[in-house]
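Working notes, beginning with the structure itself.
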Amino acid sequence: MRVVLFYLGDYPVRSYGLVVVLAILLAVGIARYLARDTVYRDHISPFAVTAVISAIIGARLWEVLFFQWSYYSTHPLEMLAIWNGGLSIQGAIVGGIASAIYYAWRHKLAFWDFVDTLAPAVVFGQGIGRIACFLNGDAFGSPTGSNFGIVYPEGTIAYERYGSQPLWPAEIWEGQWDFIIFGILLAMKNKRLPKGMLFATYQILYGLGRFALEFLRGDTPRYLFHWTAAQWTSFIVVLVMLIIMAFLKYRERLGKPSKITR
């Protein structure tokens, strides 16, 4: 793992930023492919610009406010240094959903159908993004207390926190879980389901996986019930999505459309 991959002159090319860009490009490519035979085909690229900006803002705000406030409150200038890491995927999802709501409303698209099309691409991008976390030495696990685990090198945040102790490979397992979700969503995509069910399934599966893996994390503070901010977020998201699932099934029985209109 390498925080800095190479230098262009005196400019360091950081693994985190490079892999995140790769994740975005791959996610957009997959979304365009999945939307090839739909009315959303010509909307993917313009929406991606809005979604990426909203996701980055949401990801940084989530990280600063809910995950590392004790640090950033005393280092305010570091809030803008996203190239050093510190982007919460849960905040990115919130920002992305907000931009999807606005985009669907603005262009009179069927919102739930639109996000169903995007869901597999988004979770694939999340899986690639966890590679960025691994290379950067963040989103790391807690000590395993055995010879099993990842030993991070000097220069990473994980090494600063725990030194040469073997740590649980939490970010690697989360990335693998994301790819499993991607496969499940592709298998479900051609089944007849109420609009929005694919997106809700993605959110529930990711939330459950993230909740479980957070017990192994060693990089974030814990609150009530010894849960992290990510666990509380996941818990709330899963509950909300279960309610939305019930609502979508009920609305399908009534035969109502799923547009967000002006």
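In terms of full-length UniProt numbering, the sequence shown opens at residue 1 and continues consecutively.
Beta carbons are placed, not taken as given, at the ideal position from N, Cα and C, and that holds for glycine.
{"query": "Counting C-beta neighbours from all protein chains within 10 Å, is the total for residue 230 16 or more, i.e. buried, or is it exposed?", "result": "buried"}
{"query": "Could you have a look at residue 71 and say whether DSSP puts it in helix, strand or coil?", "result": "helix"}
{"query": "Between which two residues does the beta strand (DSSP E) containing residue 11 stretch?", "result": "11-14"}
{"query": "With burial defined as no fewer than 16 other Cβ atoms inside 10 Å of the residue's Cβ, what is the status of residue 246: buried or exposed?", "result": "exposed"}
{"query": "Along the chain, where does the beta strand (DSSP E) that runs through residue 254 open and close?", "result": "Unbroken run through residue 254 is the alpha helix (DSSP H), 229-254; no beta strand (DSSP E)."}
{"query": "Can you give me the C-alpha to C-alpha distance between residue 118 and residue 221, rounded to a whole angstrom?", "result": "32 Å"}
{"query": "So for residue 35, helix, strand or coil by DSSP?", "result": "coil"}
{"query": "Can you give me the start and stop residues for the alpha helix (DSSP H) that residue 102 sits inside?", "result": "89-107"}
{"query": "Distance check for residue 91 and residue 99, CA to CA, integer angstroms please.", "result": "12 Å"}
{"query": "What are the boundary residues of the beta strand (DSSP E) that residue 5 is part of?", "result": "4-8"}
{"query": "Rounded C-beta distance between residue 121 and residue 30? I'm assuming under 8 Å.", "result": "4 Å"}
{"query": "Name, in chain order, the residues that DSSP records as bridge partners for residue 150.", "result": "167"}
{"query": "To which residues does DSSP link residue 217 through a beta bridge?", "result": "141"}
{"query": "Determine the DSSP secondary structure at residue 192, reduced to helix, strand or coil.", "result": "coil"}
{"query": "From 208, 160, 116, 176, pick the residue whose C-alpha is nearest to that of residue 35; which is it?", "result": "116"}
{"query": "If the criterion is Cβ atoms closer than 8 Å, does the pair residue 130 and residue 63 meet it?", "result": "no"}
{"query": "Does any C-beta atom of chain D lie closer than 8 Å to the C-beta of residue 183?", "result": "In the structure shown, chain D cannot be found, because there is only a single protein chain."}
{"query": "Just the Cα atoms here: how many angstroms apart are residue 253 and residue 243?", "result": "16 Å"}
{"query": "Measure the alpha-carbon distance for residue 3 versus residue 52 and round it to whole angstroms.", "result": "23 Å"}
{"query": "Closest to residue 54 by C-alpha separation, out of 101, 67, 26, would be which residue?", "result": "101"}
{"query": "Output the distance between the C-alpha atoms of residue 65 and residue 73, rounded to the nearest integer angstrom.", "result": "9 Å"}
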